[in-house]
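Peer 1: Submitted below is the structure of interest, expressed as structure tokens.
Printed below as a string of structure tokens:
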């Protein structure tokens, strides 16, 4: 199958790049290893006994349009609804189990914004704009080979069948560390590029998030904002995850390192989180309607073994290929390649926009018209 551009990865960067190529009239194909789009954007839902439904993020949650206007412009362009993170009321702080104190909350500036329907609404809206014939879910890329005329992408589906795609330019929308750990490059990437990509920590990969849903955000009646900090854990930071309507929810970042989490069962860690929420917010918090634990370190299409010992901090932007056989043929567009916001939602949009421009320019310089091609 011959296409002008091949996008590897159906997270936010890949979907945004696909939408941009659709608008530019450039032929492309998008390959995603998971059976869903979104990558590190993942939204779940809960329903109360009265039928109200809430959408809650288990991956990226916030954006800041005052600092990252490109996200705000995209949200507006797609007609999505946004709302401010709820921060009215007191915080609670846990020095040790049983030692909980209240503190006056603070007014964040600029405010953290969230999407009605969660980040999943952004993913689905972009996915709806991708031609279904261009999107191949469950296609794990195993190798990329550069020839004089094209890049050959080898992929394997869930049944083990091989699929080959020939493209003019590759937009690599997976984290750089994951790319060098799971894909074979022929010709080989330079030693400097491989070293830089392998050292580039993948945002979210070492982290785990716990989320609990309730019939209503009962903590607000107590004058609490739903925020908490703890030195005893397992949750070190907790926030109100409720939407503008529907059930209430609390989510927290698990402070137990990934290597230690691997020794715990999910059931036991969730029980520890429920017990902690009970200490922080009262007995009602220990009995949620539903709860979830999303451990990103156990996601094979996000994390590698190196991420198990990573700190989870945002890293400087990964380097792009500038010379050798991959120059002008391969551009990294995952958030880690953003020079403006590496590791953030805004970084995925920034890197994808730059990457699409670079791909179209390279096709033009090769004398290839950036328009539809036969498949």
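Residue numbers (the working numbering): 1 to 375. Even glycine gets a Cβ: it sits at the ideal position worked out from N, Cα and C.
At which residue ranges does the stretch 44-91 contain complete beta strand (DSSP E) runs of 3 or more residues, listed in the order of the chain?
Peer 2: The stretch 44-91 contains these whole beta strand (DSSP E) runs: 53-57, 82-84.
Peer 1: Where residue 371 and residue 27 are concerned, what is the direct C-alpha to C-alpha distance, given to the nearest angstrom?
Peer 2: Low local confidence applies: a pLDDT of 42 at residue 371 is under 50, so the model's placement there is unreliable, with the coordinate-based value given in what follows. Straight-line Cα distance between these residues: approximately 6 Å.
Peer 1: Evaluate residue 188 with the Cβ neighbour count: other Cβ atoms within 10 Å of its Cβ, from every protein chain shown; 16 or more gives buried, anything less gives exposed.
Peer 2: So residue 188 counts as exposed.
Peer 1: Mind listing, in chain order, the continuous alpha helix (DSSP H) runs of no fewer than 4 residues lying wholly within the stretch 116-147?
Peer 2: Runs of the alpha helix (DSSP H) inside the stretch 116-147: 119-127.
Peer 1: I need the boundaries of the beta strand (DSSP E) containing residue 230, first residue and last residue.
Peer 2: Counting along the chain, the beta strand (DSSP E) containing residue 230 begins and ends at 224-230.
Peer 1: Hey, could you find the ends of the beta strand (DSSP E) residue 292 is sitting in?
Peer 2: Segment 290-295, the beta strand (DSSP E) holding residue 292.
Peer 1: Within 8 Å, do at least three Cβ pairs link the stretch 63-71 to the stretch 85-94?
Peer 2: Short answer: they don't touch.
Peer 1: With three or more C-beta pairs closer than 8 Å as the rule, is the stretch 166-177 touching the stretch 8-16?
Peer 2: Segments in contact, yes.
Peer 1: Please go through the stretch 195-279 and give each complete alpha helix (DSSP H) segment of 4 or more residues, from N-terminal end onward.
Peer 2: The qualifying runs are 258-261.
Peer 1: With DSSP run on the structure shown, which of helix, strand or coil describes residue 310?
Peer 2: The answer is coil: DSSP assigns residue 310 none of H, G, I, E or B.
Peer 1: Quick one: what does DSSP say residue 173 is sitting in, helix, strand or coil?
Peer 2: Looking at residue 173 - three-state DSSP - the assignment turns out to be coil, as it is neither helix nor strand.
Peer 1: Would you tell me roughly how many angstroms separate the C-alpha atoms of residue 352 and residue 96, rounded to the nearest one?
Peer 2: Answer to the nearest angstrom: the Cα atoms are 44 Å apart.
Peer 1: Quick check on the burial criterion: 16 or more other C-beta atoms within 10 angstroms. Buried or exposed for residue 311?
Peer 2: Exposed, by the Cβ-count rule.
Peer 1: If we ignore side chains and look at the alpha-carbon of each, how far apart do residue 33 and residue 138 end up?
Peer 2: Those two C-alpha atoms are separated by around 5 Å.
Peer 1: For residue 320, does the count of other Cβ atoms within 10 angstroms reach 16, so buried, or fall short, so exposed?
Peer 2: Buried, by the Cβ-count rule.
Peer 1: What residues in its chain sit with their C-beta under 8 Å from that of residue 297, if we drop five residues either side in the sequence?
Peer 2: Contacts found: 205, 206, 207, 208, 258, 261, 262, 303, 307, 308.
Peer 1: Taking the CB atoms as reference points, tell me whether residue 201 and residue 272 lie closer together than 7 Å.
Peer 2: No, the pair does not count as a contact, with Cβ atoms beyond the cut-off.
Peer 1: What are the residues that DSSP puts in a beta bridge with residue 154?
Peer 2: The partner list for residue 154 (beta bridge, DSSP) reads 143, 164.
Peer 1: Excluding sequence positions up to five away, which residues of its chain have a Cβ less than 7 Å from the Cβ of residue 15?
Peer 2: Taken in chain order, the residues that qualify are 37, 123, 126, 127, 130.
Peer 1: In the DSSP assignment, the beta strand (DSSP E) including residue 299 goes from what residue to what residue?
Peer 2: Per DSSP, residue 299 belongs to no beta strand (DSSP E) and is neither H nor E.
Peer 1: DSSP three-state label for residue 344, please.
Peer 2: Reduced to three states, the DSSP call for residue 344 is coil.
Peer 1: Using CA atoms only, rank isn't needed, just tell me which of 99, 117, 22 is closest to residue 54.
Peer 2: Of the listed residues, the one whose Cα sits closest to residue 54 is 117.
Peer 1: Quick one: is residue 217 buried, meaning 16 or more other Cβ sit within 10 Å of its Cβ, or exposed?
Peer 2: With 16 or more Cβ atoms within 10 Å of its Cβ, residue 217 is classed as buried.
Peer 1: Quick one: what's got a C-beta closer than 6 Å to residue 82's C-beta in the same chain, skipping five residues either side?
Peer 2: So the qualifying residues of the chain are 75, 113, 115.
Peer 1: In this structure, does DSSP put residue 321 in helix, strand or coil?
Peer 2: Reduced to three states, the DSSP call for residue 321 is coil.
Peer 1: Hey, is the stretch 282-296 in contact with the stretch 334-341, meaning 3+ C-beta pairs nearer than 8 Å?
Peer 2: Touching, no, given that fewer than three Cβ pairs across the two stretches are closer than 8 Å.
Peer 1: Let's test the definition: count the other Cβ atoms within 10 Å of the Cβ of residue 164 and tell me whether it reaches 16, buried, or not, exposed.
Peer 2: It is exposed - the Cβ of residue 164 has fewer than 16 other Cβ atoms within 10 Å.
Peer 1: Excluding five sequence neighbours on each side, which residues of the same chain lie with their C-beta closer than 6 Å to the C-beta of residue 166?
Peer 2: Excluding positions up to five away in sequence, the list reads 2, 150, 152.
Peer 1: What three-state label does DSSP hand residue 368 in the structure shown?
Peer 2: Bear in mind that the predicted position of residue 368 carries a pLDDT of just 49, short of 50, making it unreliable; the figure below should be weighed with that in mind. It is coil, neither helix nor strand.
Peer 1: Check whether the Cβ atoms of residue 184 and residue 143 sit closer than 7 Å, and answer yes or no.
Peer 2: Cβ distance < 7 Å, so residue 184 and residue 143 count as in contact.
Peer 1: Using a Cβ-Cβ cutoff of less than 6 Å, which residues in the same chain neighbour residue 294 once the five nearest sequence positions on both sides are dropped?
Peer 2: Excluding residues within five positions, the ones whose Cβ falls inside 6 Å are 58, 209.
Peer 1: Using the rule of at least 16 other Cβ atoms within 10 Å of the residue's Cβ for burial, across every protein chain shown, is residue 29 buried or exposed?
Peer 2: Flag for residue 29 reads buried.
Peer 1: Let me check understanding here. Comparing Cα to Cα, which of 240, 214, 305 lies closest to residue 178?
Peer 2: It is 305.
Peer 1: So, at 7 Å on beta carbons, what are the nonlocal neighbours of residue 359 in its own chain, with the 5 sequence-adjacent residues on each side left out?
Peer 2: Counting only Cβ-Cβ distances below 7 Å, and skipping sequence neighbours, we find 5, 169, 171, 331.
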